[in-house]
Amino acid sequence: MMEGPGLFAQGGAPTTRASQVKEAGPPASATAASETGPVLAPESVSQTAASYSYDPSGRRDPFRPVGLEGQAPGAERLDLPPLQRVGLTELNVIGIIWGGFGYSAMVQTPDGKGYTVKRGTRVGPNNGVVSAITESAVIVQEQFADVYGKKQVREYVKRLHAKEGSE
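With the first letter of the sequence shown counted as 1, position 103 gets the number 109 in our numbering; the numbers rise by one all the way through.
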């Protein structure tokens, strides 16, 4: 049987759920609950809850990103080369060399050591790669996954001479 405004619009009488509901008996009492089974006292319920313990072993942490399993946060990987242990913001370009073999650059780490980089050299802890070296800058590209899991490319430009007012 149809209900609601559609039936009323077709010329029928409006019906409500209240007219279809049968008369309900008196509400169930405490005696009905005792017939179905024993009612637990509050003390026994708390004892049952206290004896249960959750064992998360063998399950992944639901609050950690899926792609970072097996990596400790902030852990320094000692198996990486020195240029990959240092963040890109900590590197300084101190010289650019060009010749018959193309461009190469000299970068300095915070501990004062200098390294020569060329196109394709891995730099930074996030697997950055030197994509280009120009007369005045070193361009590093890092691939990362955004919040949706799509691969994105972030480009850093490290200039030989920092612009006025920066760094």
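Just so it is clear, CB atoms sit at the ideal spot from N, CA and C, and this is done for glycine as well.
Quantities reported herein were computed from a predicted structural model and do not represent experimental measurements.
**Request:** Measure how close the beta-carbons of Val135 and Val146 come, nearest whole angstrom, since I'm counting them as under 8 Å.
**Result:** 7 Å
**Request:** Look at the alpha carbon of Asp85 and the alpha carbon of Ser57, and state the distance between them as a whole number of angstroms.
**Result:** 46 Å
**Item:** Limits of the alpha helix (DSSP H) - the one that Arg91 falls within
**Value:** 88-91
**Start and end residues, beta strand (DSSP E) containing Gly108** = 108-114
**Asked** In three-state terms, what does DSSP make of Glu141?
**Response** coil
**Message:** Taking the alpha-carbon of Arg160 as reference, which of Tyr121, Gly64, Gly130, His167 has the nearest alpha-carbon?
**Reply:** Gly130
**Request:** Look up Val153 in the DSSP assignment and say whether it is helix, strand or coil.
**Result:** coil
**Prompt:** In terms of alpha-carbon separation, which member of Tyr121, Phe69, Ser59 lies closest to Ile100?
**Reply:** Tyr121
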